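See below for the structure under consideration.
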Ligand code: SF4
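Protein chains in written order, with this note's numbering: chain Y, 5 to 201; chain R, 2 to 467.
Set out below in structure tokens:
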């Protein structure tokens, strides 16, 4: 997994609540057996017309936001399915951080496994970032996971944030859980023995 | 010992390793695998040269991509076929039991787990699928996981999890006739909202829950994830034990009796507390219909499409307005005036035998409305055979409903069963997100009896009036 340490990039406002995984990537694109190449599937129905042309009113299709690497959104981002294709599609498109006041559990968890930072912040802070991203299209945001702070290029807003230390450590170092757990092999084996499994 | 909730008992019994500030390492008793969320996990194992640690605790089936037409017709979609073949290859290479499209034990993963006796009280169950919460109906702790975690469980038979909070959803009283498990859960989500359970494991308690059959309990637990919950569970009781007894992969004979003794220890101790509790009264519940684009947008069958301006928060007003636009509905429209193009009875929410019986009961001797195309998709090959034994298939086909082979079908729009843009469907599935049943399709979630009644009338009707 790619580590996530510090990122500076355009922040795109997606001012909706309950953005579900079927919107992030519709099921029709889950047939592929690869782990990458999902960038064109991201927000497919919101991004493209029937004939495949981009919908000009969708935020990521507007020139200022096209290269966004951060999304700021409403409550309960990523609700719905467990499909890891959702963070894959974000990552493949170039979105490495989603900022929202709350996230759905499975999506939240899946992000950390793929070098995408789901950043849960207070409603007020999220709103301030949303307002800035809307009023100054294309504004850069810096997300510093090491220093646990976000700020915009004008340094008009600057907020500290919290990320669970264990998850932060893994993301900073790009660590793979499986390797860590396999170091506990003895414990797993003795647990199995204790239950006669 | 301090009193514990059922969840805490199961959790504590499965902790392999724990360190402060770190997620616990939890042992997994049953890992269910399907074709969509597993190929990248098997690839990961292959690249790292790792085996599947416990093939005996791992079971796979093909359900999401599989067409529901006759098995003699090949899968037309090349990419779907490739994904199905990848599952077969992976299971063969890693030694995992697979019930493929042609197996008599094939079916929707959350239907076959309990139905074949794999899912049992007290077990930890995972699957790369959010509706794994279904299995909690037997008194198991069952969670949906992503593909990285699928790989983790395949390699280690454990899952790293932060301990969730607990939430009690108590449904007191007696359900009125015509009101089902589906209506309970729609009513619950309608009130607590689609993130009302986030971070929590819901335990459903109360008289109305106790009096549900196992099939009804599974419907309730299935949709826990639609309230944002990590899992849903219901304490095992005589109904549970009788359900598990005799199933193919359940303990048999003396082993079963010994297991029942253990399972009796699982229910939440008197005096144990939950992090939060929500109380409902079953006697106030009615058949519900969703009007919007998430499962919390729920109205009683006797009600109307709400006016977005009636919501308190700005974000809710915007979401409701956007939903009504997508659904092409005007505020104030009586729910019973909404006309339907298609009916889907199926999905892991409502494709068990009791669901099929309820739908058949409504359409028996009636005819599907000429403007409606209706299909019934049993949840597994075994349930299909059982339904046919009872003659349910003939009731459906005589009434003009299509009777299909088992699979996820039109629940999720990734196999040939999809809505066309603009089509409106009464569905017994669990998600009404934009495009869930096919791009531009409009989904209303209902119980099987309500879907069947709409099939006959061509619009929603109150099943209690039939
Ligand atoms: S029936 Fe629907 S919800 Fe259930 S597993 Fe299949 S796609 Fe998922």
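Here a beta-carbon is modelled for each residue, glycine too, at the ideal position from N, C-alpha and C.
Quantities reported herein were computed from a predicted structural model and do not represent experimental measurements.
Proximity to residue i [Cα-Cα], best of the options
{"i": "residue 83 (chain R)", "options": "R:56, R:116, R:40, R:121", "result": "R:40"}
{"i": "residue 463 (chain R)", "options": "R:170, R:202, R:181, R:154", "result": "R:181"}
{"i": "residue 267 (chain R)", "options": "R:236, R:256, R:169, R:276", "result": "R:236"}
{"i": "residue 94 (chain Y)", "options": "Y:120, Y:166, Y:8", "result": "Y:120"}
{"i": "residue 101 (chain Y)", "options": "Y:108, Y:72, Y:139", "result": "Y:72"}
{"i": "residue 279 (chain R)", "options": "R:243, R:193, R:223, R:257", "result": "R:193"}
{"i": "residue 64 (chain R)", "options": "R:89, R:164, R:57", "result": "R:89"}
{"i": "residue 220 (chain R)", "options": "R:239, R:251, R:187", "result": "R:187"}
{"i": "residue 409 (chain R)", "options": "R:34, R:108, R:325", "result": "R:108"}
{"i": "residue 85 (chain Y)", "options": "Y:76, Y:143, Y:13, Y:111", "result": "Y:111"}
{"i": "residue 38 (chain Y)", "options": "R:69, R:284, R:80, R:14", "result": "R:80"}
{"i": "residue 178 (chain R)", "options": "R:273, R:288, R:21", "result": "R:288"}
{"i": "residue 437 (chain R)", "options": "R:185, R:389, R:306, R:296", "result": "R:296"}
{"i": "residue 232 (chain R)", "options": "R:439, R:204, R:334", "result": "R:204"}
{"i": "residue 97 (chain Y)", "options": "Y:174, Y:118, Y:104", "result": "Y:118"}
{"i": "residue 130 (chain R)", "options": "Y:155, Y:150, Y:87", "result": "Y:87"}
{"i": "residue 17 (chain R)", "options": "Y:201, Y:188, Y:200", "result": "Y:188"}
{"i": "residue 183 (chain R)", "options": "R:352, R:400, R:6", "result": "R:352"}
{"i": "residue 25 (chain R)", "options": "Y:201, Y:192, Y:197", "result": "Y:192"}
{"i": "residue 34 (chain R)", "options": "R:97, R:74, R:142", "result": "R:97"}
{"i": "residue 117 (chain R)", "options": "R:156, R:312, R:154, R:247", "result": "R:247"}
Beta-carbon spacing of residue i, residue j below 7 Å
{"i": "residue 300 (chain R)", "j": "residue 336 (chain R)", "result": "yes"}
{"i": "residue 32 (chain R)", "j": "residue 59 (chain R)", "result": "yes"}
{"i": "residue 153 (chain Y)", "j": "residue 78 (chain Y)", "result": "no"}
{"i": "residue 349 (chain R)", "j": "residue 112 (chain R)", "result": "yes"}
{"i": "residue 137 (chain Y)", "j": "residue 63 (chain Y)", "result": "no"}
{"i": "residue 456 (chain R)", "j": "residue 369 (chain R)", "result": "yes"}
{"i": "residue 42 (chain R)", "j": "residue 148 (chain R)", "result": "yes"}
{"i": "residue 342 (chain R)", "j": "residue 449 (chain R)", "result": "no"}
{"i": "residue 166 (chain R)", "j": "residue 217 (chain R)", "result": "no"}
{"i": "residue 36 (chain R)", "j": "residue 72 (chain R)", "result": "no"}
{"i": "residue 177 (chain Y)", "j": "residue 157 (chain Y)", "result": "no"}
{"i": "residue 11 (chain R)", "j": "residue 123 (chain R)", "result": "yes"}
{"i": "residue 318 (chain R)", "j": "residue 332 (chain R)", "result": "no"}
Alpha-carbon to alpha-carbon, residue j and residue i
{"i": "residue 100 (chain R)", "j": "residue 66 (chain R)", "result": "14 Å"}
{"i": "residue 136 (chain R)", "j": "residue 110 (chain R)", "result": "10 Å"}
{"i": "residue 459 (chain R)", "j": "residue 183 (chain Y)", "result": "56 Å"}
{"i": "residue 29 (chain Y)", "j": "residue 22 (chain Y)", "result": "14 Å"}
{"i": "residue 207 (chain R)", "j": "residue 171 (chain R)", "result": "5 Å"}
{"i": "residue 53 (chain R)", "j": "residue 158 (chain R)", "result": "8 Å"}
{"i": "residue 417 (chain R)", "j": "residue 395 (chain R)", "result": "24 Å"}
{"i": "residue 59 (chain Y)", "j": "residue 375 (chain R)", "result": "33 Å"}
{"i": "residue 122 (chain Y)", "j": "residue 131 (chain Y)", "result": "16 Å"}
{"i": "residue 444 (chain R)", "j": "residue 324 (chain R)", "result": "11 Å"}
{"i": "residue 171 (chain Y)", "j": "residue 23 (chain R)", "result": "8 Å"}
{"i": "residue 146 (chain R)", "j": "residue 161 (chain R)", "result": "11 Å"}
{"i": "residue 26 (chain Y)", "j": "residue 434 (chain R)", "result": "7 Å"}
{"i": "residue 132 (chain R)", "j": "residue 223 (chain R)", "result": "6 Å"}
{"i": "residue 213 (chain R)", "j": "residue 174 (chain Y)", "result": "44 Å"}
{"i": "residue 189 (chain R)", "j": "residue 281 (chain R)", "result": "8 Å"}
{"i": "residue 405 (chain R)", "j": "residue 69 (chain R)", "result": "5 Å"}
{"i": "residue 196 (chain R)", "j": "residue 94 (chain R)", "result": "40 Å"}
{"i": "residue 48 (chain Y)", "j": "residue 24 (chain Y)", "result": "13 Å"}
Rounded Cβ spacing between residue i and residue j (contact assumed at less than 8 Å)
{"i": "residue 140 (chain R)", "j": "residue 241 (chain R)", "result": "6 Å"}
{"i": "residue 354 (chain R)", "j": "residue 377 (chain R)", "result": "Not really, about 12 Å apart at Cβ, beyond 8 Å."}
{"i": "residue 381 (chain R)", "j": "residue 407 (chain R)", "result": "5 Å"}
{"i": "residue 211 (chain R)", "j": "residue 238 (chain R)", "result": "7 Å"}
{"i": "residue 138 (chain R)", "j": "residue 215 (chain R)", "result": "6 Å"}
DSSP three-state assignment for residue i, whether helix, strand or coil
{"i": "residue 278 (chain R)", "result": "strand"}
{"i": "residue 240 (chain R)", "result": "helix"}
{"i": "residue 144 (chain Y)", "result": "strand"}
{"i": "residue 305 (chain R)", "result": "strand"}
{"i": "residue 17 (chain Y)", "result": "strand"}
{"i": "residue 438 (chain R)", "result": "coil"}
{"i": "residue 176 (chain Y)", "result": "helix"}
{"i": "residue 101 (chain Y)", "result": "strand"}
{"i": "residue 296 (chain R)", "result": "coil"}
{"i": "residue 202 (chain Y)", "result": "Absent from the structure is residue 202 (chain Y), since the part of chain Y shown begins at 5 and ends at 201."}
{"i": "residue 370 (chain R)", "result": "coil"}
{"i": "residue 449 (chain R)", "result": "helix"}
{"i": "residue 94 (chain R)", "result": "helix"}
{"i": "residue 185 (chain Y)", "result": "helix"}
{"i": "residue 399 (chain R)", "result": "helix"}
Closer than 6 Å: residue i CB and nearest ligand 3 heavy atom
{"i": "residue 426 (chain R)", "result": "Ligands present in the displayed structure are limited to ligand 1, and ligand 3 is not among them."}
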